[in-house]
Structures are given as C-alpha cells and as structure tokens.
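Notes follow the structure.
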Amino acid sequence: MLIKAAVVRSKGGPFLIEEVELDEPRDDEILVKVVAAGMCHSDLNSRDQKYPPRLPAVFGHEGAGVVERVGRNVGGFRPGDHVVITYNTCERCFSCVSGKPWACEQLFELHFGGRAPDGRMTIRDRSGPISSSYFGQSSFATYALAYENNCVKVPADLPLEILGPLGCGIETGAGAVINAMQMPVAETIVIFGAGSVGLSAVMGAVIAGATRIIAVDVRSNRLELAGELGATDLVDASKVEPLEEIRRLTEGGVRYVIEASGSPSSLSCGIKLLRTGGVLGLIGAPPIGTEIPLDVNFMIFNRTIRGIVQGYSDRQTFIPRLIDLYRKGRFPFDKLIRYYDFNDINQAALDSDAGLTIKPVVRMI
Ligand SMILES: [Zn+2]
Ligand SMILES: [Zn+2]
2 MLIKAAVVRS KGGPFLIEEV ELDEPRDDEI LVKVVAAGMC HSDLNSRDQK YPPRLPAVFG
62 HEGAGVVERV GRNVGGFRPG DHVVITYNTC ERCFSCVSGK PWACEQLFEL HFGGRAPDGR
122 MTIRDRSGPI SSSYFGQSSF ATYALAYENN CVKVPADLPL EILGPLGCGI ETGAGAVINA
182 MQMPVAETIV IFGAGSVGLS AVMGAVIAGA TRIIAVDVRS NRLELAGELG ATDLVDASKV
242 EPLEEIRRLT EGGVRYVIEA SGSPSSLSCG IKLLRTGGVL GLIGAPPIGT EIPLDVNFMI
302 FNRTIRGIVQ GYSDRQTFIP RLIDLYRKGR FPFDKLIRYY DFNDINQAAL DSDAGLTIKP
362 VVRMI
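Following this line, the structure appears as structure tokens:
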C-alpha cells in the first residue's frame with residue numbers, strides 16, 4: 002500500500018516526507034494507522050549514523066495509533082483497537098522465555114537491523130528497499146507494521162497523541178527507577194540528564210518514594226522542569242563541578258545514580274559518586290565504541306553498573322500502570338511534550354537537538 006513516510010537519505014540529513022510502498026501485513030503482523038509518534042534520541046542517533054540501520058531509512062519508534070488490519074495469526078488485536086507501539090522482541094531466546102523481554106538477545110538486530118524479523122525490508126520506493134521495521138515499527142509514517150508483542154492496547158478515551166512516548170523514552174526512564182533499580186522508599190538518587198528519559202526517571206523516583214532527587218543538566222530550562230516534576234536539588238553542570246557539588250550535598254555520595262545524559266564524563270562522575278553497595282543505572286547512549294576508564298578496586302566494593310534498556314518494562318503491564326498513574330495526576334509526562342505537524346518533523350528534530358523541546362511528538366493526522 003502507498004503511505005507517506007519521513008525518509009532519511011543522508012547522514013545527519015533531513016527527514017523527507019515521501020510517498021513509499023509499505024508491505025501488506027503478513028500473518029503475524031498488525032497494520033497500524035499512526036496517529037502520532039514521539040521522537041526519541043535514538044531516532045536522531047540513527048539519523049546521524051552513530052547507530053544503524055544504514056540509509057535510506059524510516060525511523061520512529063514511539064508510535065500510537067489505531068489498528069487498521071491484522072494478519073491471520075494475530076489473536077489479541079482487532080481493527081479499531083487503540084494501541085501504543087513499543088519495543089520488539091524475538092519471543093524465543095533465553096531472556097524472552099525467562100520473562101525478561103527487555104534483555105532479548107535479538108534486541109539490537111530487531112531495533113536497528115532495518116528489517117522485519119523474517120528478514121525482509123517492508124518499505125520501498127522505485128529505487129529499491131528502504132531500511133524499515135525500526136524497533137519493529139518505523140512509525141514516522143502514516144501507517145506502520147507492528148507485532149502482537151510490541152503493541153499494547155490503551156484506553157480509547159485518552160488522546161492517542163499523548164501516549165506514543167510511553168513506548169520508549171518515558172517507560173525507559175520511569176522503569177529504570179521503578180523496575181530495574183527497585184529503589185527502596187526514602188532514598189536519595191542522582192539523575193544525570195534532564196531530557197525525556199531523565200525527567201521520566203525523576204517522575205519515577207517520586208513514585209518510588211525518594212526523599213531526595215538530585216537532577217544534573219547543563220540547560221536551565223530542563224532543570225526548571227525537573228524541579229517542577231519533583232527534583233529536590235538542581236545541579237547546573239555548566240556552572241559548577243558536579244562531582245564536588247553532589248559530594249557536598251550528600252556528604253560523600255549516594256546509593257542510586259541514573260546516567261541518562263549519554264555523556265562519558267557524567268558516567269565517570271556518577272560512578273565516583275557511588276557509596277559501597279551503590280548501583281548506577283546506565284541508560285544514556287554515547288556513540289558506539291565509547292569506552293571509559295574504571296577504577297577496578299573501587300568497583301570491587303560491591304558497586305554495580307547496570308545497563309538498562311526499555312526500563313526493564315513488561316510492556317503489557319507497565320504501560321497500563323503508567324497510564325493509570327497519569328490519570329491520577331501522579332505521572333504528568335504530558336508536561337514534556339510539544340506537538341508538531343508531520344510536515345514540520347525537521348523543526349521537531351531541530352528543537353530536540355537544541356534542547357528547546359524535551360519530547361517532540363509528530364502528528365500524522
Ligand atoms: Zn528474545
Ligand atoms: Zn527510544
């Protein structure tokens with residue numbers, strides 16, 4: 002079928018809204034009419050080719066929309082269902098069958114391989130196939146092909162345009178604190194990076210009952226929002242040295258740190274802030290191949306660095322939980338969002354790159 006999609010053809014280049022051909026849904030696929038899709042840092046990393054897939058490609062992995070058609074083996078979804086599309090998994094590897102889909106061994110390939118799980122590229126134009134199935138969706142498009150395991154039914158009374166970001170950035174930040182760190186109540190946590198993931202971690206820390214939430218960023222507008230969402234201490238790393246400042250604030254260090262900035266120097270700083278027994282949740286992705294020096298003997302004293310993707314989220318239960326919290330006013334993630342028309346997707350990317358918009362959401366309709 003003919004759809005409109007935002008195609009990136011050159012490294013760092015613009016999103017070009019083009020008419021392209023999308024495959025009809027196969028037996029295990031769900032065709033979703035995309036209402037809106039959030040823009041996440043991974044989309045821009047892939048656009049800049051710091052991450053695959055190779056170009057040309059259609060990105061977008063925080064889609065929300067209405068089920069249009071389902072393949073014959075799809076039992077859990079029907080046309081008309083409202084869905085959020087989240088991360089895709091293989092359902093067969095050790096992690097998947099152990100109930101830890103976020104650690105799927107195929108995750109990287111399924112997100113960044115540019116192909117559907119069966120190996121085909123589902124989008125093409127006259128000159129050939131285009132990298133697609135980004136996170137099992139490629140939702141910067143008017144229609145997307147997704148799967149039973151990465152579609153989550155959502156209530157029809159909520160506007161779909163709000164809900165897309167729950168599928169990646171928001172679940173990642175909130176889930177990191179709530180699911181992956183399992184931080185006890187009345188703790189102190191330091192959160193590096195006050196973008197959409199870091200701010201979602203701030204909201205997650207509030208829900209988890211943290212009494213002190215120290216947010217670190219270099220942009221005052223983001224820190225201000227962190228304060229609104231519940232951060233108790235704001236550290237502007239463009240003005241003060243964060244290691245010294247946070248050691249001073251905490252009398253030596255903390256047991257919980259989230260690194261959501263993607264900056265290797267923040268990661269090093271976060272590690273140094275760990276008290277014995279402390280855990281650093283590593284979420285922010287620097288370019289592939291980035292390495293940092295590590296004081297091995299410091300780490301031996303029961304300190305942990307835990308890589309976290311997708312916030313250890315069980316998709317079918319965690320997203321509905323976040324929606325319930327949103328309805329109760331306890332998870333105001335809509336404060337992060339600014340909307341753009343599909344035709345203005347390049348402005349959304351510019352505003353995101355410049356730190357002016359925390360979570361751009363592109364509306365297809
Ligand atoms: Zn798997
Ligand atoms: Zn993402």
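Per our numbering, the sequence shown runs over residues 2 to 366. The C-beta atom is built at its ideal place from N, Cα and C for all residues, glycine as well. Here the structure is a predicted model, which is why all the values come from computation and not from measurement.
| Item | Value |
| --- | --- |
| Taking 8 Å as the threshold (C-beta atoms), are residue 311 and residue 153 in contact? | no |
| Go ahead and pull the three-state DSSP assignment for residue 34. | strand |
| What residue from 6, 188, 299 and 38 has the CA that sits closest to residue 161's CA? | 38 |
| Checking 8 Å against the spacing of the C-beta atoms, do residue 62 and residue 44 come in under that value? | yes |
| In terms of residue numbering, what span does the alpha helix (DSSP H) encompassing residue 318 cover? | 316 to 328 |
| Can you give me the start and stop residues for the beta strand (DSSP E) that residue 152 sits inside? | 152 to 154 |
| Is residue 64 close to ligand 2? I mean its beta-carbon at under 7 Å from any heavy atom of the ligand. | no |
| Rounded to whole angstroms, how far is the Cβ of residue 54 from the Cβ of residue 114, which I believe are closer than 8 Å? | 6 Å |
| Tell me which residues pass a beta-carbon proximity test against ligand 2: closer than 5 Å to any heavy atom, given in chain order. | 41, 43 and 169 |
| Return the first residue and the last residue of the alpha helix (DSSP H) that residue 246 is part of. | 243 to 251 |
| Rounded to whole angstroms, what is the Cα-Cα separation between residue 102 and residue 112? | 13 Å |
| At the level of alpha carbons, what is the spacing between residue 314 and residue 323? | 11 Å |
| For a quick check, are the C-beta atoms of residue 77 and residue 25 less than 8 Å apart? | no |
| State yes or no: is the C-beta of residue 92 nearer than 7 Å to some heavy atom of ligand 1? | yes |
| Within 7 Å: the Cβ of residue 96 and any heavy atom of ligand 1? | yes |
| With a 10 Å radius around its C-beta and 16 neighbouring C-beta atoms as the bar for buried, classify residue 360 as buried or exposed. | buried |
| Does the distance from the CB of residue 133 to the CB of residue 122 come in under 8 Å? | yes |
| Do you know how far the Cα of residue 350 is from the Cα of residue 14? | 11 Å |
| What are the boundary residues of the alpha helix (DSSP H) that includes residue 288? | Residue 288 -> no alpha helix (DSSP H), and no H or E assigned at all. |
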